[in-house]
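Enquirer: Attaching a single structure in C-alpha cells format; questions to follow.
Residue numbers (my numbering): 488 to 801.
Put into C-alpha cells, the structure is as follows:
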C-alpha cells in the first residue's frame, strides 16, 4: 500500500553486531534510531547492558534508552505504544525509523500486535505466586496452572517461570484462563507500517566467542561496582524485572548472598556466561519463529549485512 510508512527492523541475538550496523546506517543520514531492548530502558544500568556510551549516544541518538529507573516496569504493550508514537513523529520529520535490538517479544508485539484488555502486572499477586514457589517448589505452582489453565500448561515447561507467573496472575485477577482471553481478544496490528525486517544470525561458535569477549570486558571495566552502586542507590531486590536481566541477576546474587571469594566470583562469572549463551539461544528461536510469519532478510556475517543494507538504504 502506498500510504504505508516504512520501518526498518534490525534484529539479532546479543553481541551479534546489530547496533554497529544501525549506527553505520544512521551516518548515511535520513534515519533515527529506536532501541528495542528491555534492559536499555533502565537508567544507570550501563555496563551490564552494553549500553552505548554517552559519547556514542551523542553521535548516534537512540530513542527509548534511559527512560525509567530500575525500580519501575516496562511492558511490551508500553513499548508498542511508545514506538508507534516515535515512528509517526520520525516520519513527520521526513526521516525513516530504524528499530534495533534483541528483545524479540517487543518486535513480535510490534509486528503482530498484542491482545488488548489483559490485566496489568500485579506485584502482590506475583509475590504470592513466587512465595508459593519458594515454599513448595515450582512443580507445585505448575500443578496449580494445570488445574486452572490446562491449555497454557501444555505450552509451558516447569522451567518457564515468568510465563507460568503471568498465566496464574491473569487467572487470579480475572477468574479466566489467559488462553481463553487471548483467543477472544482482537489483535491491534499497526497496518499503517511497512516493515523491512533484517536479522543478523551469525554462526553460534563465533557468537559465543563474541559473548565471552564482551563479558570479560564487562568485568574488567567494573560491572560489579556498577551493581553495588545500583543496590545502594535504588535498594534493589532480586524480584524486580530489571534485576532479572542476564548478568545483573547473577551479580546481585553474588553480592548479596555469597562470601565474595575468588571461587564464588568465578562461579558467578561462569553462570553469567552460561545465561548469556542461553539468552542468545532463545533469541535465535524467537527469530526463526518470526520468520515463519514475516518476510525477512537474514545475514550470517556483519560484512554481508553491511553490503546489503548499503544497497538497500544507501
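Backbone N, C-alpha and C define an ideal beta-carbon position, used for all residues, glycine too.
This structure is a prediction, so every number in the text was calculated from the model and none was measured.
Should residue 534 and residue 586 be called a contact, given that it needs their Cβ atoms to be closer than 8 Å?
Expert: Going by C-beta atoms, residue 534 is not nearer than 8 Å to residue 586.
Enquirer: When the Cα atoms are used, what is the spatial distance from residue 731 to residue 635?
Expert: Cα to Cα, the separation comes out at about 26 Å.
Enquirer: Between 524, 564, 583 and 562, which lies nearest to residue 491 when the distance is taken from Cα to Cα?
Expert: Of the candidates 524, 564, 583 and 562, the one whose C-alpha sits nearest the C-alpha of residue 491 is 583.
Enquirer: Residue 656 and residue 608 look like a contact to me (Cβ under 8 Å); what is the Cβ gap, rounded to whole Å?
Expert: That pair is a contact at about 7 Å.
Enquirer: If you run the structure through DSSP and keep just helix, strand and coil, what is residue 735?
Expert: Here residue 735 sits in helix by DSSP.
Enquirer: Please state whether DSSP places residue 798 in a helix, a strand or coil.
Expert: Reduced to three states, the DSSP call for residue 798 is helix.
Enquirer: What's the C-alpha gap between residue 600 and residue 745?
Expert: If I take the Cα positions, the gap works out to 43 Å.
Enquirer: Just list the residues that DSSP pairs residue 783 with in beta bridges.
Expert: Per DSSP, 684.
Enquirer: List the endpoints of the continuous beta strand (DSSP E) containing residue 694.
Expert: Taken as a continuous stretch (DSSP letters only), residue 694 belongs to no beta strand (DSSP E), being part of the alpha helix (DSSP H) at 691 to 707.
Enquirer: Taking the Cβ atom as the reference point for each residue, do residue 612 and residue 629 lie within a distance shorter than 8 Å?
Expert: Contact flag unset, no.
Enquirer: Does the separation of the CB atoms of residue 739 and residue 725 fall below 8 Å?
Expert: In contact: residue 739 and residue 725 (Cβ atoms closer than 8 Å).
Enquirer: Should residue 734 and residue 716 be called a contact, given that it needs their Cβ atoms to be closer than 8 Å?
Expert: No, the Cβ-Cβ distance between residue 734 and residue 716 is not below 8 Å.
Enquirer: Please classify residue 493 as buried or exposed, where buried requires at least 16 neighbouring CB atoms within 10 angstroms.
Expert: Residue 493 is exposed by the Cβ-count criterion.
Enquirer: Can you tell me whether DSSP reads residue 790 as helix, strand or coil?
Expert: Helix at residue 790.
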